[in-house]
Every structure is written in C-alpha cells, then in structure tokens.
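Student: First the structure, then my questions, so here it is.
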C-alpha cells in the first residue's frame, strides 16, 4: 500500500472499520465485502490494486476498530512498527525548515491524477496547527505550535520526533497519522525538512 492517496487514507480506514469489525460478520461475509471493494476499485496509473492490501498492523487495527484495543494487540503493533524505524543515515535530523513548510502545506501525492515524478506532500496542516500565520488547519491531531521551543533539541527529543514522523504506530497503535517513512511516502530528506520545521528556532512554528 505504498502508493496511497493521502486524502483517501481516513476514508478507506473508515470503510474497512465499519464493514469488517462487527462480530456478526462471518468470514464468508467478510470475504464478500472485500470482494466488493476489489470489484469497485479500478486500477489507474500509479493507483494500483495493492492499495487494498493490508499489512499486519492495518489488519489488527481493522479487527479491533469497534472497541478498545487489547493491550496485547497494542503492544504487538508497537513492536512491529518500532522495528521499522531507521534513523537518518548521516545522523543529522534537521534539514531546511522552508522545505518542511512546503511539505506541510502540500497534500498531493500518489493519486492517479498526480505526477509520479514529483515528490509527495505531508499534508500536515490537515490535522495540525503549526505556523501561527496559517489559520487554515485541522484539529484531528495536537497543535504543534512552539514544538521545538518548548521541547528543546536534545538527542533523545530529536530521535523521538523522528520516530513519530517515520512510523506513528511505533508509539500510538492504530494512529490516523500516515507512516511517512516506513511506507515510503516521504524521503529521508523530506523528513529532515519537517524536523527542521518543528525544531529550528527560525521556523515559523517556533516564532
């Protein structure tokens, strides 16, 4: 599911959660629902049929979408996803905050109508407040205003923030936030630029 349209992630998660989580849905009915989704999804350009495939994390989250996530399942999900996190090869966590702001503002990428040669965006403002000058932001996620100013830039803090960007399910099972690094949505350089947006004192996030 690497080539996932960021804007459709919440919708597909909702569809799967609603249709597949009920105990009354027998395996046969579950198969029928999946078959119906496969029949209605048309592969087009980079939007191929593997968009409907779920890895173990997604499968577990779908199975428990209706209620409280059992602690053993939550731990399994976090363990799976922690193992995927890769720190930046050069050991440098911070890039260019201006590039990070552009990524945060950009919501395109991986849909059939997008140019596959162009980098995808993070669409961060859809869920978070960041720069004080941007008044159009979502509230699904927490505000990130003054993120670096409040937390500082210790090695531990930087590594923790990188892990959240790289794979959100490593610390919050079944998070709605895309697993940007693990799923190849953003490159290491893009992740560094987002880190700079969060931590650079000159970034509008920290002004």
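Numbering (the numbering used here), first residue to last: 2 to 208.
Each residue gets a CB set at the ideal place from its N, CA and C atoms; glycine is no exception.
Predicted model, so just to flag it, every value in this text is computed and none were measured.
Can you confirm whether the segment 58 to 78 touches the segment 147 to 160 when touching is taken to mean that 3 or more C-beta pairs between the two stretches lie within less than 8 Å?
Tutor: no
Student: Is residue 36 helix, strand or coil when you go by DSSP?
Tutor: If you number the chain shown from 1, residue 36 lands on position 35. Residue state, collapsed to three classes: helix.
Student: Using DSSP's beta-bridge definition, name the partner residues of residue 99.
Tutor: The residue you call residue 99 lines up with position 98 of the chain shown. According to DSSP, which records beta bridges pairwise, residue 99 is partnered with nothing at all.
Student: For residue 44, I'd like the list of residues in its chain whose CB is within less than 6 Å of its CB, leaving aside the five on either flank, ordered along the chain.
Tutor: Taking the first residue of the chain shown as position 1, residue 44 is located at position 43. Contacts found: 50.
Student: Just to confirm before moving on: does the CB-CB distance between residue 104 and residue 168 stay below 8 Å?
Tutor: As a first step, residue 104 is located in the chain shown; it is residue number 103 there, counting from the start. As a first step, residue 168 is located in the chain shown; it is residue number 167 there, counting from the start. With contacts defined as CB atoms closer than 8 Å, residue 104 and residue 168 fail to qualify as a contacting pair.
Student: Classify residue 165 as helix, strand or coil using the three-state DSSP reduction.
Tutor: For the purposes of this step, residue 165 is taken as the residue at position 164 of the chain shown. Residue state, collapsed to three classes: helix.
Student: Under 8 Å, do residue 160 and residue 88 count as touching if we go by C-beta distance?
Tutor: One-based indexing of the chain shown puts residue 160 at position 159. One-based indexing of the chain shown puts residue 88 at position 87. Yes. Within cutoff.
Student: By DSSP, does residue 73 sit in helix, in strand, or in coil?
Tutor: For the purposes of this step, residue 73 is taken as the residue at position 72 of the chain shown. Three-state result, residue 73: helix.
Student: Would you mind reading off the limits of the alpha helix (DSSP H) that contains residue 184?
Tutor: Translated into the one-based positions of the chain shown, residue 184 becomes position 183. The continuous stretches of alpha helix (DSSP H) do not include residue 184, and DSSP gives it neither H nor E.
Student: Rounded to whole angstroms, what's the CA-CA distance from residue 132 to residue 31? Just pull it up for me.
Tutor: Against the chain shown, residue 132 aligns to sequence position 131. Against the chain shown, residue 31 aligns to sequence position 30. Cα to Cα, the separation comes out at about 44 Å.
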